[in-house]
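Q: There's a structure below that I have some questions on.
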Amino acid sequence: MSKLAPIAEDQWGLITRRQAELAGVSPATLQRMSADGSVLERVAHGVYHLAGAPAPDHLLLRAAWLQLAPGTFAWDRTVEEGVVSHRPAASLYGLGHLPADRHEFTLPVRRQSRRPDVRLLRRTLNDSDWILLRGLPVTRPARIASDLLADHEDPEAAAQVAADALRGVHDYADNFVGELAPHAAKLGLRRGDGVGVLRWLLDLVGNPETEHWMQAARRADKRR
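With the working numbering, letter number 55 in the sequence shown gets 84, and the count goes up by one each step, no holes.
This is the structure we're talking about:
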């Protein structure tokens, strides 16, 4: 426990089998510690929760993220090990109404998972596309809305994410303009018209603050 507790403390009470081995805990000892009623509770394949530690929010999402690089500690990870995106990212912010019924992560390289409830997407992320939220790397709301449109989700769902994010100041109109611009042509708008896409989305949900947000979007667009 003296080897595992410091690691789990900085990972929401979670630790992977590989991390335990790197800390010097033998497989036999780990098996005894994870037996029913013992000090480690299995929450996913190769991921355990320290008995008695508070259960974190989004426990299964965190466990799935740790599985992506089981030998790398949470505090040492970069975007190379995966960023929470799409539906679960929106859920972490509390945006929109799409159910986070699968764990979705964006990585810069092609990866596959054997888990049917895990979806790995190979896409490029710039530093401005994500933040640390509740200890997890998560795409920003503007990127979430863009990703939802790219994946042919219900446009109204993407619109609700945008409206909720702008209302709660989780993101800004100028970021949405930049992220949504690539979708303009396929929506019948002038190519690169991110302002037009944002207006189209916000009109779908009819928020009373739309005009205020659009003024900010147009000002940002002029500065580009």
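Backbone N, C-alpha and C define an ideal beta-carbon position, used for all residues, glycine too.
Please list the terminal residues of the continuous alpha helix (DSSP H) segment that includes Phe-205.
A: Counting along the chain, the alpha helix (DSSP H) containing Phe-205 begins and ends at 202–209.
Q: Contact check, Ala-73 vs Ala-92 under 8 Å by CB: the rounded distance?
A: So it is a contact: roughly 4 Å between Cβ atoms.
Q: When the distance is taken between beta carbons, is Ala-171 closer than 9 Å to Phe-134?
A: No.
Q: Look at the alpha carbon of Arg-196 and the alpha carbon of Val-190, and state the distance between them as a whole number of angstroms.
A: Going from the Cα of Arg-196 to the Cα of Val-190 covers about 10 Å.
Q: Which ranges does the alpha helix (DSSP H) cover as unbroken runs of at least 4 residues, wholly within the region 71–110, from first to last along the chain?
A: Entirely contained in the region 71–110, the alpha helix (DSSP H) runs reaching 4 residues are, in chain order, 88–97.
Q: Based on DSSP bridge pairs, tell me the residues matched to Pro-166.
A: Bridge partners of Pro-166: Leu-161.
Q: Which partner residues of Thr-153 appear in the DSSP bridge assignment?
A: According to DSSP, Thr-153 bridges with nothing at all.
Q: Below 8 Å, is the gap between the Cβ of Leu-161 and the nearest heavy atom of the ligand FAD?
A: This structure lacks the ligand FAD, and indeed carries no ligand of any kind.
Q: Counting beta carbon pairs with one atom in the region 145–159 and one in the region 219–236, are three or more of them shorter than 8 Å?
A: Contact fails: fewer than three Cβ-Cβ distances are below 8 Å.
Q: Using CA atoms only, rank isn't needed, just tell me which of Asp-203, Leu-136, Leu-209, Leu-216 is closest to Ala-245.
A: For the residues Asp-203, Leu-136, Leu-209, Leu-216, the minimum Cα distance to Ala-245 belongs to Asp-203.
Q: For Gly-100 versus Arg-152, is the C-beta distance shorter than 9 Å?
A: No. Outside cutoff.
Q: Looking at the unbroken beta strand (DSSP E) that takes in Leu-43, where does it start and where does it end?
A: Where Leu-43 is concerned, the enclosing beta strand (DSSP E) stretches over 43–45.
Q: Between the beta-carbon of Asp-193 and the beta-carbon of Leu-124, is there less than 9 Å?
A: Yes.
Q: Rounded to the nearest angstrom, how far is the Cβ of Val-113 from that of Gln-96, given a contact under 8 Å?
A: About 13 Å separates the two Cβ atoms, so there is no contact after all.
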